[in-house]
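Notes follow the structure.
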Amino acid sequence: MTAQLKLANAVLWSPDLPEPVDGADILVAGGRVAEIVPAGTGGPAETVVDCAGRWVLPGLIDSHMHSWGARSPNPVHWVVGQSPLSWFRAVGDLRRVLDAGFTTVREAGGPLGPGLRDAIAEGEVAGPRVIPAHLGISRTGGHGDCHSLPIAWVGQQPYMARIADGPDEVRTAVRMAARDGGEWVKIWASGAIALSDHDSPEHLHFSVEELEVICREAHALGMTVGAHVEFPSAIKACVRAGVDVIEHGFILDEETCLLMAERGVPVVSTMALLHRYLRWDGPEITEAQVEMARTLLPSVHASALLAYRSGVTVAIGSDSFAEPLTPFGANAEELLALREAGLPAEACLTAATINGARVAGREKDLGSVTVGKIADLIVTGRTSPLDDLNAVVGPDKIALVLRDGVPVAGTGLRRSISL
Ligand SMILES: [Zn+2]
1 MTAQLKLANA VLWSPDLPEP VDGADILVAG GRVAEIVPAG TGGPAETVVD
51 CAGRWVLPGL IDSHMHSWGA RSPNPVHWVV GQSPLSWFRA VGDLRRVLDA
101 GFTTVREAGG PLGPGLRDAI AEGEVAGPRV IPAHLGISRT GGHGDCHSLP
151 IAWVGQQPYM ARIADGPDEV RTAVRMAARD GGEWVKIWAS GAIALSDHDS
201 PEHLHFSVEE LEVICREAHA LGMTVGAHVE FPSAIKACVR AGVDVIEHGF
251 ILDEETCLLM AERGVPVVST MALLHRYLRW DGPEITEAQV EMARTLLPSV
301 HASALLAYRS GVTVAIGSDS FAEPLTPFGA NAEELLALRE AGLPAEACLT
351 AATINGARVA GREKDLGSVT VGKIADLIVT GRTSPLDDLN AVVGPDKIAL
401 VLRDGVPVAG TGLRRSISL
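Next up, the structure:
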């Protein structure tokens with residue numbers, strides 16, 4: 001059989017391999033990885049890309065970002081600024097994420113996720129595979145509310161969450177997410193370090209009963225629940241109530257990590273966002289919030305390392321939500337933050353590949369370069385990412401992106417092959 005495409009003479013890294021394979025040919029057929037063989041030993045292919053010693057890795061997975069085309073970190077703009085212009089900006093944002101080597105993103109709350117997913121799947125616009133939550137759930141005054149606007153406005157123009165209080169309302173909100181094409185349920189179960197004035201990251205924002213209703217209802221619909229939650233006591237309450245994924249989980253102690261490891265609950269690390277807060281000098285993030293991020297950062301780094309050492313599955317999320325604070329295409333900077341926290345380079349790459357697939361419940365199809373899996377692959381340069389993770393950070397490092405076995409982006413090699 002003639003394969004549709006062959007990546008020849010590559011150095012292959014995949015999280016399921018004990019070590020990189022120098023001199024591999026990867027053959028793609030029917031959108032999936034058909035064969036991995038020593039260079040020069042495989043069958044023919046319609047298109048051959050000579051990687052000439054470049055690295056091939058699984059397409060990267062951003063497990064937490066938002067696509068609504070925002071150009072300000074001020075939530076007021078997200079409510080009143082929803083317009084066709086922001087929708088088209090969201091399309092451009094996702095194009096840049098694809099260029100940076102991300103073939104799958106988990107959309108963590110926003111009105112456009114299902115539409116973007118479908119338009120990309122249809123081939124109308126270029127972008128990564130989108131796994132959307134659609135609108136998540138926040139309580140009145142929670143992090144998904146917009147505190148400085150009248151509550152009716154936020155209700156009419158929800159930007160990332162439905163406001164719901166009490167078991168009946170949260171149950172309906174779960175059903176609405178499913179109705180609107182969401183594939184998982186995002187909740188804001190605590191406040192945040194920045195970007196909402198009247199909530200605290202230390203407070204649990206739902207009652208145990210509300211959390212249990214959300215989880216029961218979501219699971220009954222075949223959906224997982226990812227909870228924005230930042231401090232140990234709220235995280236433990238979420239895990240005990242049945243939450244499947246901890247989003248952010250900035251501060252973790254030993255007891256919390258053990259509980260998460262025992263129950264198989266992963267954390268999506270979003271530390272690079274805090275680094276960005278420290279560099280931001282606009283009025284949207286107050287001096288007190290910057291100070292809080294600065295004070296917490298060493299503990300945040302230590303928490304990520306503790307999670308990894310405790311056997312918690314760590315995935316990466318850029319939490320990209322608004323240019324220019326969180327540039328789309330810089331998503332892989334979370335790898336650098338994890339490395340700075342002390343995780344080995346291999347673990348950082350694992351976080352951005354198979355662990356992202358696990359968070360999304362897609363590990364049978366995504367997250368590694370394995371025969372039979374979907375051929376989401378990236379070709380980078382000749383620098384080993386195990387020596388320097390910068391080798392996979394940014395669009396200029398990504399020579400070619402295959403999604404479903406089809407070349408969809410890339411700065412270098414794509415020009416040399418006929419499409
Ligand atoms: Zn987020």
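Residue numbers (the UniProt record's numbering): 1 to 419.
We put the beta carbon where it would ideally sit given N, CA and C, even for glycine.
Predicted model, so just to flag it, every value in this text is computed and none were measured.
Selection R32, E46, S72, K6 evaluated against P283 yields S72 as nearest (Cα-Cα). C-alpha of V49 to C-alpha of S384: approximately 19 Å in a straight line. According to DSSP, residue pairing for M65 in a beta bridge involves E107. Looking at the DSSP output, D25 bridges to V37. When distances are taken from the beta-carbon of D319 to the heavy atoms of ligand 1, the shortest one is below 8 Å.
Burial is judged here by how many other beta carbons sit within 10 angstroms of a residue's own beta carbon; M260 has at least 16 and is buried. Not one heavy atom of ligand 1 is found less than 8 Å from the C-beta of G127.
The nearest non-hydrogen atom of ligand 1 is less than 8 Å from the C-beta of T270. Secondary structure of P132 (DSSP, three-state): strand. In this structure, G109 has its beta carbon less than 8 Å from a heavy atom of ligand 1. Shown here, I235 sits in a helix according to DSSP, grouped into three states.
C348 and G361 have their C-alpha atoms some 19 Å from each other. For M160, the number of other beta carbons within 10 angstroms of its own is at least 16, and it is reported as buried. Exclusion of the five residues before and after E323 leaves R71 as the residues of its chain whose Cβ lies within less than 6 Å of its Cβ.
Residue pairing by DSSP places T47 opposite L5 in a beta bridge. Note that the C-beta distance between G226 and V170 is not below 9 Å. Taken through DSSP and simplified to helix, strand or coil, P407 comes out as strand. Pairing G191 with G142 gives a Cβ-Cβ distance under 9 Å.
A contact is defined here as three or more CB-CB pairs under 8 Å, and the segment 375-389 meets this definition with respect to the segment 58-67.
Close CB contacts of N74 within its chain, under the 6 Å cut and outside five residues either way in sequence, are with E284 (chain order). The straight-line gap separating the alpha-carbon atoms of T326 and G40 is approximately 43 Å.
Under the three-state reduction of DSSP output, F328 falls in the coil class, being neither helix nor strand. In the structure shown, E202 adopts coil according to DSSP, grouped into three states.
Across the set I235, W13, A272, the C-alpha of I235 shows the shortest separation from the C-alpha of E202. Here A341 is not near A315, since their CB atoms are 9 Å or more apart.
In the DSSP assignment, L377 falls within the unbroken beta strand (DSSP E) covering 377-379.
In this structure, the C-beta of H64 approaches ligand 1 to less than 8 Å from one of its heavy atoms. Secondary structure at I285: coil, using DSSP grouped into helix, strand and coil.
Between V97 and N331, the beta carbon gap of about 6 Å places them in contact (Cβ cut-off 8 Å). R54 counts as buried, since at least 16 other C-beta atoms from the protein chains shown sit within 10 angstroms of its C-beta. The Cβ-Cβ distance between V229 and L149 does not fall below 9 Å. With 16 or more other CB atoms across the displayed protein chains lying within 10 angstroms of its CB, H248 is buried. Look at G342 here: in three-state DSSP terms it is coil, with no helix or strand label. Taken through DSSP and simplified to helix, strand or coil, F88 comes out as helix.
Around the beta carbon of R95, 16 or more other beta carbons lie within 10 angstroms, which makes this residue buried.
In the DSSP annotation of this structure, the continuous segment of the alpha helix (DSSP H) that includes I151 starts and ends at 151-156.
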